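Following: one structure in structure tokens, then a few remarks.
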Amino acid sequence: MKAQRISRTAIVGVVAGVLAAGLVTAPSSQAAGTIKIGYLNATIGPFAGGAPQITIGLNIALKEIKSTVAGKKIVILEEATDATPQLALEKAKKLIEKDKVDILFGPLSGDEGVAIARLSKKYPKVTFINTTGSASEATNEQPSKNFFRFHGDAAQWSGGVGEIAYKTLGYKRVAIIADDYSFPYANAGGFATGFCKSGGVIVAAQWPALGTKDYSSQIAALPKDIDAIYAGLGGADAVQFLKQAVQFGITKPLIGGAILVDGTVLGSKADIGDAVLNTIGGGPVPDDSYSTPEYDKFKAQLTAAGTGPNIFSVLGYVSAKSMLAGLVAVKGDLSNNQAAYRKVLSTLKWNTPTGPLSMDKNRNAIVSNFIYQVISDGKGGFKTKSLKRQDKVAQGTKVFGRVNSCADVK
């Protein structure tokens, strides 16, 4: 991928121009052809509702460059997964070995992401761009040189939530209910680190399987002497839990993992109102009052596509635009085992719709994080209000397992 030498300064300049204007560079002397991108998306299973939002983000980014780089047409080959590492690996190998893709874009879920990051080491000629999978170990545990994540991990998104829960809201004792896989481990770990350090206590924890439909036993087992419940659930699981929280009359306030009260959940038709109001959470999506030129433009693009900002559409777009910016910077040249392309990606910096992005040494993003609270929109629905914004949030070094007490985060 290195038909010509490009200085680091030149690369940064080209990338900045591409990201600012969405411009396509003129075709180089290389023969026109195609760039094949394999796309893994969990359109089956508990995240089937959010998966199409990633595609919307990808399509917006592709439209900005007319799906063409230096005369080469970008071809997307999509494979459906179900949020399990087994199917993600099967589909990834098919895209790489049979379809001969140049780049693999995906996957959606945490355990999938860990499996794909490990798989990437077996295919050094392919560049892997994560979409929304956010388990910490995908990038901070034996990181792969050809695996890139252009957003934070789940622990980064919880930064500051625990401190606000304890110091501002006065929650001293918290019980955890969270899905039993890598993403909620990291999300809960990030929350508990700040909460426990502030003086809070994790008094109990339950870890139902991903895809659980009935949470009655978990709700019944909640201790009585708690101030709040940390709910690390997402997608269909979040909707089911919140519905049942209403049905069973849970009155304790909720602290949300990054996807408990995401826009895809708040926009559901389910009766979740009594449970979700006043829930606090943290993540990569700003509150509803957030406004910058970049964000307002992106919201307009999402509106035109029939949706709005949520964790899947935001990360889908940022990941895709980062991937495409690198391609434009090197004029679609993926020779020399994609060395120049990866050099661009490793040092990429740009002002995303939600704030500045840069990369760390493990090819994980340093990003902005938003802490918010769910309130009524006065129209029978919900909106979020800002509690705190944090910039330049970097990934930590700890890989979390199940957090059953404060001892697990020390």
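Quick note on numbering: the sequence shown equals residues -31 to -1, 1 to 379 in mature numbering (1 follows the signal peptide of the UniProt record, and there is no 0).
Glycine is no exception: its CB is placed at the ideal position from the N, C-alpha and C atoms.
Quick caveat, the model's predicted, so the values are computed rather than measured.
At which residues does the beta strand (DSSP E) containing residue i begin and terminate?
| i | result |
| --- | --- |
| ALA197 | 197 to 201 |
| SER154 | First, the amino acid is wrong: residue 154 is Tyr here, not Ser. Element bounds for TYR154: not the beta strand (DSSP E) but the alpha helix (DSSP H), 151 to 167. |
| ASP360 | 351 to 362 |
| THR3 | 3 to 10 |
| residue 381 | Within the shown structure, residues of the chain are numbered from -31 to 379, placing residue 381 beyond reach of any answer. |
| ILE171 | 170 to 175 |
Kindly indicate which three-state DSSP category residue i falls into: helix, strand or coil?
| i | result |
| --- | --- |
| PRO325 | strand |
| LYS141 | coil |
| GLY242 | helix |
| THR317 | Just to set this straight, residue 317 is Leu in the shown sequence, not Thr. Residue state, collapsed to three classes: coil. |
| ASN247 | coil |
| VAL378 | helix |
| ALA227 | coil |
| GLN111 | coil |
| PHE16 | coil |
| GLY204 | helix |
| PHE281 | helix |
| ILE133 | helix |
| PHE117 | strand |
| VAL287 | helix |
| LYS312 | helix |
| ALA372 | In the sequence as presented, Ala is not what sits at residue 372; that position holds Val. VAL372: coil per DSSP, three-state reduction. |
| ALA147 | strand |
| LEU179 | coil |
| LYS42 | strand |
| THR366 | coil |
| THR220 | coil |
| GLY295 | helix |
| THR276 | coil |
Roughly how many whole angstroms lie between the Cα atoms of residue i and residue j?
| i | j | result |
| --- | --- | --- |
| ALA155 | THR366 | 11 angstroms |
| GLY159 | SER374 | 13 angstroms |
| LYS379 | ALA200 | 21 angstroms |
| GLY131 | VAL234 | 22 angstroms |
| residue 461 | GLY370 | There is no way to answer for residue 461, as the model of the chain reaches only from -31 to 379. |
| SER356 | GLN342 | Reading the sequence as shown, one finds Leu at residue 356 and not Ser. So the two alpha carbons sit approximately 7 angstroms from each other. |
| GLU47 | MET292 | 16 angstroms |
| THR261 | SER186 | 44 angstroms |
| ARG87 | PRO192 | 39 angstroms |
| PHE74 | ASN109 | 19 angstroms |
| GLY26 | ARG332 | 21 angstroms |
| PHE339 | ILE249 | 11 angstroms |
| VAL245 | LEU58 | 35 angstroms |
| GLY7 | VAL70 | 6 angstroms |
| ALA11 | ILE34 | 25 angstroms |
| THR306 | THR50 | Checking the sequence shown, residue 306 turns out to be Asn, not Thr. For ASN306 and THR50, the distance between alpha carbons rounds to 27 angstroms. |
| VAL372 | THR3 | 46 angstroms |
| VAL362 | GLY169 | 23 angstroms |
| GLN125 | GLN213 | 29 angstroms |
| residue 389 | ARG311 | No information on residue 389 is available, as it lies outside the stretch -31 to 379 that the chain covers here. |
| ALA134 | PHE164 | 7 angstroms |
| ALA20 | GLY204 | 10 angstroms |
| ASP377 | ASP243 | 32 angstroms |
| ALA190 | GLU263 | 45 angstroms |
Return the first residue and the last residue of the alpha helix (DSSP H) that residue i is part of.
| i | result |
| --- | --- |
| ILE23 | 20 to 33 |
| PHE339 | From DSSP, PHE339 is part of no alpha helix (DSSP H) but of the beta strand (DSSP E) over 334 to 345. |
| VAL234 | 232 to 235 |
| SER258 | No alpha helix (DSSP H) contains SER258, which DSSP labels as neither H nor E. |
| ILE188 | 185 to 189 |
| ALA124 | 123 to 126 |
For a test of your reading of the model: does the CB of residue i fall under 6 angstroms from any non-hydrogen atom of the ligand PLP? Yes or no.
| i | result |
| --- | --- |
| GLN213 | In the structure on display, the ligand PLP does not appear, and there are no ligands present to speak of. |
Do we get a CB-CB distance below 7 angstroms when we pair residue i with the residues of chain D?
| i | result |
| --- | --- |
| GLY301 | This model lacks chain D altogether; it includes just one protein chain. |
Quiz prompt | Whole alpha helix (DSSP H) elements within the region 50 to 106, 4-residue minimum | solution = 54 to 62, 79 to 89
Quiz item: Would you call the region 137 to 146 and the region 318 to 329 in contact, with 3 or more CB pairs under 8 angstroms?
Solution: no
Quiz item: Hey, is the region 98 to 105 in contact with the region 278 to 297, meaning 3+ C-beta pairs nearer than 8 angstroms?
Solution: yes
Quiz item: Would you call the region 295 to 302 and the region 270 to 278 in contact, with 3 or more CB pairs under 8 angstroms?
Solution: no
Quiz prompt | Given 8 angstroms, three or more beta-carbon pairs between the region 343 to 354 and the region 67 to 85 | solution = no
Practice problem: Assess, as a yes-or-no matter, whether the region 224 to 243 is touched by the region 108 to 120 under the definition of 3 or more beta carbon pairs within less than 8 angstroms. | Solution: no
Quiz item: Can at least three beta-carbon pairs, one atom from the region 251 to 261 and one from the region 166 to 180, be found at a separation below 8 angstroms?
Solution: no
Quiz item: When the Cβ atoms of the region 56 to 70 are set against those of the region 24 to 38, are three or more pairs found closer than 8 angstroms?
Solution: no
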